[in-house]
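Have a look at the structure below, then the notes.
Number of protein chains: 2
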Amino acid sequence: MKKNFLIFYYALCCTLLFSASSFAQQKDSITIRQIYDEALLRGQAYTQLEYLCKKVGARLSGSPQAAAAVEFTRYIMDTMKLDKVYLQPVMVPHWVRGAKEVGKIVNSKQIGEQEVRVVALGNSVGTGKGGITAKVVEVKNFEELKALGKAKVSGKIVFFNRSMDATKFNTFEAYGAASDQRGAGPSEAAKLGAVGVVVRSLASNIDDFPHTGSTRYQFVRQIPAVAISTKGAELLSGLLKNDTTLLFHFETHCQMLPDVLSYNVIGEIKGSEKPEEIIVVGGHLDSWDLAEGAHDDGTGCMQAIEVLRIFKTLNIKPKRTIRAVMFMNEENGLRGGLEYAKVALEQKEKHIAAIESDRGGFTPREFSTEAPAEILQKMQTWLPLLEPYGITAIKKGGGGADISPLRNQNTVLIGYVPDSQRYFDLHHTEQDTFDKVNPRELALGAGAMAALVYLISEHGF
Amino acid sequence: MKKNFLIFYYALCCTLLFSASSFAQQKDSITIRQIYDEALLRGQAYTQLEYLCKKVGARLSGSPQAAAAVEFTRYIMDTMKLDKVYLQPVMVPHWVRGAKEVGKIVNSKQIGEQEVRVVALGNSVGTGKGGITAKVVEVKNFEELKALGKAKVSGKIVFFNRSMDATKFNTFEAYGAASDQRGAGPSEAAKLGAVGVVVRSLASNIDDFPHTGSTRYQFVRQIPAVAISTKGAELLSGLLKNDTTLLFHFETHCQMLPDVLSYNVIGEIKGSEKPEEIIVVGGHLDSWDLAEGAHDDGTGCMQAIEVLRIFKTLNIKPKRTIRAVMFMNEENGLRGGLEYAKVALEQKEKHIAAIESDRGGFTPREFSTEAPAEILQKMQTWLPLLEPYGITAIKKGGGGADISPLRNQNTVLIGYVPDSQRYFDLHHTEQDTFDKVNPRELALGAGAMAALVYLISEHGF
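Chains as they are written, first to last, in this note's numbering: chain A, 207 to 667; chain B, 207 to 667.
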């Protein structure tokens, strides 16, 4: 009898436990459905992005437009009845492009003179008036460059012409594998006495829009550097095959001015049960100066704000504190991300998670996280709740540049991973404009981020 | 000893079997990698699609452009050294739009007269010169229409204004749930004495491009019918709320001409081991007349041809026969699909599988199939081979319209399922143009189809 009772008791407990867990899952499922309905039916991110792109426009760190973007996003969040909206001061680099660049094949045996499209690399020094004109050595990587040695490189323009690997499904992998040319190419070339650098645009496609992006000078002479459009790169490379006397000319007027005061823009909903545990959701507010920074990273910022709006509108009281952060200066300094983490440490804040959207506002696919195995496994138990909305995996992988300085504060870093096929057609070019953003794709991203924030806030790690 | 020997023998067999299966998997994996490399690095689908869109253009069944599309695709396949390229005759409907449509709010109390964008529904009768002008009753569905009854509908224009449900992740589900208005709306309205029908465009977005598409008249008076842009629908619906005397006017000049001879275009690689077992891969060659039929369904056709090209270029000898079929007349009759299945039956051909790509040339997500459970399970064992390229599921679901007549011939029907978020912004509008297609997304789709064809050809079901 006693045994029977125990079995009955055990069965009852199991049933109750199962019911409780199934009830929790059902509640989560219903809330997440509401989150997506709000994003898809009454989403604000698209309209707000239009304003950011069309009225504010390109907003490189230190520019008046970056300041306007700070005011615009603070204004939106001020109207949302959040618990706190504030600006976090940060000094940022102030690089300016100056007059439009000129790029030219000077004396091709085959086609004579021919203009090609180039843009100065971010943070690079200008050639000044008159520009530079020199012979060209083409290399695919630093090994080839070093093999040429000083004798063959000195006095020349080095042309880094390694393509992004089109066979990689994940275009960010291809980008990562090619980006050393832009980041370190100018300094590597300078070490061997080069007078300038032309880098093939980091692009998935062949077109005539050069892609800018940061270069990082090392302790070596700073030489001028431009990105050439992929079409230009193909042309130049083809001509060089039979023409060692070909001269290339480029002229840039960029310069680095003194640092400028700018801000991270932060909005917060206080947690109802564990307010000291903070979940950050963010993107970066600055953009390159060539277009509107629509996918890079207007979409991420507007999605982060949308997460807070959805919580407020649906009157979801998060157990933990949620912060939307528009980081300043991801593109050419990461000063906003660094400052945010520094202040967090000083204030002894406890950031349990940070989610960044900085891979474009495209259709959802995954979340990637640097979390240790047991936390990753816990997050993966939530996957069935997100799969109906196109999130098919939560995987080991990177978080994002702006949140990376939180890595040493026990923060679970998470990246929102939309489909990557179209991103590097637009990235850092004059093509990164509002019309390239699809409102459903944008809204689904906001929904995914809000749903994950909700789950972390409800259940912790 | 004997027992030990048996254990040893068993272990050996397992090892060999495992090695054999692992070897086969490895071979598949390598071949699939080669397939994708070919599609991504040297793909032809994008260039050929450009020709189809820009030089051939809109190709409604019976039009000269449809005939040109037949010649163009036959020509491409003729140059590919296939085992067989042929045209399969089929009589198709020949509906013509005639002079551009006019749509107009005639006498709104609020805004007076206002033109709105409308297009005649495919297969609909025209109003002729002078058009029709009548009061409007707005309904969301057939129940509301029937509730109004003859008294309130007779002599009026019925305005079907049910939106696609934006909360559905899969936009095809939302489309399916709203498309009865276009397909059966005109006949349902005619039964109650309506003089014309205005249907809200089946669209994901709000813009000013009306979406055409077929209507199917039942045995009832055929009344003229147009689709109104979603922007126009919103305007009209808003005005009707306080304005029961509002008159709407539209004029269409479409008509159905006698049937015309056209063709399915077919290319074939003969199987090396089981040539009698046929795998079809296809799309439909006809398009609506408003644009270039880029995503609907130029992409599907070019992907199907690309599958054959990849097999030829890589010199993969398929065990089973592979046929690329460009079906004619999916849009307003399905005659090509019906004829293909009829001939297959007459010739006692054995179609083991048919894969259709007719959901746009967007980034890959899934395959869906009507296959019975055991075949579905077998296909799902292949999923790890496709996941690295963005195919995250093989699921129960529809195949495609053109291949559906093969359903009763024991054919496994499979649909290629790319991401659906952007499709219904473009579908059946003047916006369905070449520039909306991304070359990587197109190539990944061709790769996915070629990989699946390869696996079916190697392993059967």
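We treat Cβ as the ideally placed atom computed from N, Cα and C, and that holds for glycine.
query: Are A:Ile-434 and A:Gly-309 closer than 8 Å when you measure CB to CB?
result: yes
field: Length of the line joining the Cα atoms of A:Ala-340 and A:Gly-399
entry: 12 Å
query: What do you reckon, are the CB atoms on B:Gly-539 and B:Pro-270 nearer than 8 Å?
result: no
query: Which residues in the same chain as B:Lys-518 place their Cβ atom closer than 8 Å to its Cβ, once the five residues preceding and following it in sequence are excluded?
result: Met-286, Lys-287, Leu-288 and Ile-475
task: May I ask you to list, following chain order, the residues of the segment 372-384 of chain A that have a beta carbon less than 7 Å from some beta carbon of chain B?
output: Ala-372, Thr-373 and Phe-375
- request: Measure the C-alpha to C-alpha separation of A:Glu-344 and A:Gly-391 and round it to an integer number of angstroms.
  value: 12 Å
- prompt: How would you label A:Met-207, buried or exposed, when you count the other beta carbons within 10 angstroms and need 16 or more for buried?
  reply: For A:Met-207, the pLDDT reaches just 47, beneath the cut-off of 50, and the residue's location in the model is therefore unreliable, leaving the point undetermined.
query: If we count Cβ pairs, one from each stretch, closer than 8 Å, do we get three or more for the segment 533-547 of chain A versus the segment 605-623 of chain A?
result: yes
field: Buried versus exposed, by CB contacts within 10 Å (16 or more), B:Val-426
entry: exposed
- prompt: Can you tell me the Cα-Cα spacing of B:Gln-599 and B:Pro-624, whole angstroms?
  reply: Correcting the residue type first, residue 599 of chain B is Ala in the shown sequence and not Gln. If you take the alpha carbons of B:Ala-599 and B:Pro-624, they lie about 11 Å apart.
- prompt: Does any C-beta atom of chain A lie closer than 8 Å to the C-beta of B:Gly-712?
  reply: The requested residue 712 of chain B does not occur in the structure, where chain B is confined to residues 207 to 667.
message: Are the CB atoms of A:Ala-497 and A:Lys-279 within a distance shorter than 8 Å?
response: Note on residue identity: the sequence assigns Thr, not Lys, to residue 279 of chain A. No, Cβ-Cβ distance for A:Thr-279 and A:Ala-497 is not below 8 Å.
- request: Output the boundary residues of the beta strand (DSSP E) element that contains B:Ala-457.
  value: The residue asked about is misnamed: residue 457 of chain B is Glu in this sequence, not Ala. Start and end: 453-457.
message: I need the straight-line Cα distance from B:Gln-294 to B:Asn-614, nearest angstrom please.
response: 21 Å
- prompt: Can you tell me whether DSSP reads B:Pro-570 as helix, strand or coil?
  reply: strand
message: Taking its Cβ as the centre, do 16 or more other Cβ atoms sit within 10 Å of B:Gln-232, making it buried, or is it exposed?
response: exposed
query: Between the segment 544-571 of chain B and chain A, which residues of the former have CB atoms less than 7 Å from a CB of the latter, in chain order?
result: Thr-569
field: Sheet register partners of B:Ala-530 (DSSP bridge)
entry: B:Gly-473 and B:Val-487
- prompt: For B:His-459, which option in B:Ala-326, B:Pro-594 and B:Lys-584 has the closest C-alpha, if you only look at C-alpha atoms?
  reply: B:Ala-326
- prompt: Would you say the segment 548-557 of chain A touches the segment 627-643 of chain A, given that touching needs at least three Cβ pairs under 8 Å?
  reply: no
task: Have a look at A:Arg-406 and B:Glu-512 and give me their C-alpha separation to the nearest angstrom.
output: 29 Å
- request: Please determine, among A:Ala-230, A:Glu-593, A:Leu-266 and A:Ile-662, the residue with the shortest C-alpha to C-alpha distance to A:Ser-420.
  value: A:Leu-266
query: In chain B, what lies closer than 7 Å to A:Arg-646 by C-beta?
result: Ser-410 and Gln-627
message: According to DSSP, A:Trp-301 sits in a beta bridge with which residue or residues?
response: A:Met-462
message: Using beta carbons (cut-off 8 Å, strictly below), is B:Pro-594 in contact with chain A?
response: yes
- prompt: CA-CA distance, A:Asp-386 and A:Val-403?
  reply: 13 Å
field: Three CB pairs or more closer than 8 Å across the segment 472-487 of chain B and the segment 651-666 of chain B
entry: yes
- prompt: Tell me which same chain residues have a C-beta within less than 8 Å of the C-beta of A:Tyr-257, skipping the five on either side of it?
  reply: Phe-278
task: Measure the C-alpha to C-alpha separation of B:Gly-668 and B:Glu-457 and round it to an integer number of angstroms.
output: Absent from the model: residue 668 of chain B. The displayed extent of chain B is 207 to 667, so no value can be given.
query: Beta carbon of B:Gln-461, beta carbon of B:Gly-337: below 8 Å?
result: no
message: I'd like the list of long-range same chain contacts for A:Lys-397, defined as Cβ closer than 7 Å, with 5 residues on each side in sequence excluded.
response: Val-426
- prompt: Looking only at its own chain, which residues have a Cβ that is under 7 Å from the Cβ of B:Ile-581, when we skip the five neighbours before and after it?
  reply: Val-618 and Phe-667
message: For A:Leu-246 and B:Gly-382, I'd like the C-alpha separation in whole angstroms.
response: 19 Å
message: Do B:Leu-441 and B:Met-297 have their beta-carbon atoms positioned less than 8 Å apart in this structure?
response: no
- prompt: Do A:Gln-509 and A:Leu-648 have their CB atoms nearer than 8 Å?
  reply: yes
query: Hey, is B:Leu-246's beta-carbon within less than 8 Å of any beta-carbon in chain A?
result: yes
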